[in-house]
Each structure stands twice: as structure tokens, then as C-alpha cells.
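Asks: Take the sequence shown: its position 6, counted from the start at 1, is 10 in my numbering, and no numbers get skipped.
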Amino acid sequence: MDTTNYRWLVIASVVLPILAEVTERLLLPELVPLGLRDAFQSYQEEDQEPAITPALVSGMLAAVVATLASIYGLLRFRPWAPGFALWSGLAMCVLLVFGGPTVQSGLANGSFALGSALWGAVIAVPYCAPDIRAAFWPEGLAAKR
Numbered sequence: 005m006d007t008t009n010y011r012w013l014v015i016a017s018v019v020l021p022i023l024a025e026v027t028e029r030l031l032l033p034e035l036v037p038l039g040l041r042d043a044f045q046s047y048q049e050e051d052q053e054p055a056i057t058p059a060l061v062s063g064m065l066a067a068v069v070a071t072l073a074s075i076y077g078l079l080r081f082r083p084w085a086p087g088f089a090l091w092s093g094l095a096m097c098v099l100l101v102f103g104g105p106t107v108q109s110g111l112a113n114g115s116f117a118l119g120s121a122l123w124g125a126v127i128a129v130p131y132c133a134p135d136i137r138a139a140f141w142p143e144g145l146a147a148k149r
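1. Tell me the rounded alpha-carbon separation between L122 and S62.
2. Indicate the three-state DSSP secondary structure (helix, strand or coil) for L78 in the structure shown.
3. Taking 6 Å as the cut-off, does the CB of R29 come closer than this to any heavy atom belonging to the ligand NAD?
4. What residue does the alpha helix (DSSP H) around A95 start on, and which one ends it?
5. I'd like to know whether the C-beta atoms of A43 and A112 end up nearer to each other than 7 Å.
6. Quick one: give me the first and last residue of the alpha helix (DSSP H) that L31 is part of.
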């Protein structure tokens, strides 16, 4: 794998889930049946305990900023980026547990799963592919990893 393909992998891991969400919400909302959307809306209105708390919002904002920083670092081949991407991704997963239930179409579900798998590859490739490892940790730094 070369650095151009790696950059495309990073971009695809981020863009695919975003495109699916935009498609589901704006272009094809009928992918989620109206009855299911209405049932979920009434569930949210009846729920007495709010799923979104200030602590969750601030944690999610911090995780989003950390993820954006890691994407920048991965695209620019900064030595700190693969580890930072791993930890920011894990933080996001922990925070999503507290976000409550969601309703999404098969398109969005599949795209999020594919994006997650690609993100895992984005994190693993710098440690496995010699060309990409050399881009992140040239010369003496590569031996320390």
C-alpha cells in the first residue's frame, strides 16, 4: 500500500458513513418506514429520563474534536496520529453507549459498519505496512514502535 491509497482509505472511512446519513435524512427518508419513525418519536417524547446530558454532550464534543485531529494527523502522517486515532475512537465508542437508542435504515447501518471496519484498517495499517510505517515513523522512530 502506498501513501495515496492510505489517504483514500482514511477519507473513505469518514465519508461513507456521512454520505449514508445525509442520504437517509435528506434525500431518501423513506428508507426508514414512517410507522417506525413515528414510534421512535413517541418513545422519545414519553421517555422521562433524558438520554442526552450536558456531560454526554461535552464528552461527545471532545471526542469529535479528537477524532478530527486524528484524521488530520493521519492524512499528514504525524507520528502521534495512529495511537491518538485508536484512543479517540475508543472514547467515542464508550460515549455512544450512553447516547441511547437510534433508528436507522439498512443503508446507514451497512455504511456505518463499513466505515468502522475501514477505520480499524486505518489504525492497523501504519503498524503493519512497511511503506506506511516509514511515512509515520521515519528512520529511528520506526524502530521504537
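Where is the CB? At the ideal position from N, CA and C, for every residue including glycine.
Predicted, not measured: the structure shown is a model, and the values here were computed from it.
Replies: From the atom records:
1. Within the sequence shown, the letter at position 118 stands for residue 122. Within the sequence shown, the letter at position 58 stands for residue 62. So the alpha carbons of these two residues sit roughly 26 Å apart.
2. Position 74 of the sequence shown holds residue 78. Of the three classes helix, strand and coil, the one that applies to L78 here is helix, per DSSP.
3. This structure does not include the ligand NAD; it has no bound ligands of any sort.
4. Reading the sequence shown from its first residue, position 91 is the one you call residue 95. A95 -> alpha helix (DSSP H) spans A85 to V101.
5. Taking the sequence shown and counting its residues from 1, the one referred to as residue 43 is at position 39. Taking the sequence shown and counting its residues from 1, the one referred to as residue 112 is at position 108. No, Cβ-Cβ distance for A43 and A112 is not below 7 Å.
6. Within the sequence shown, residue 31 is the residue found at index 27, counting from 1. First-last for L31: undefined, no H or E at that position.
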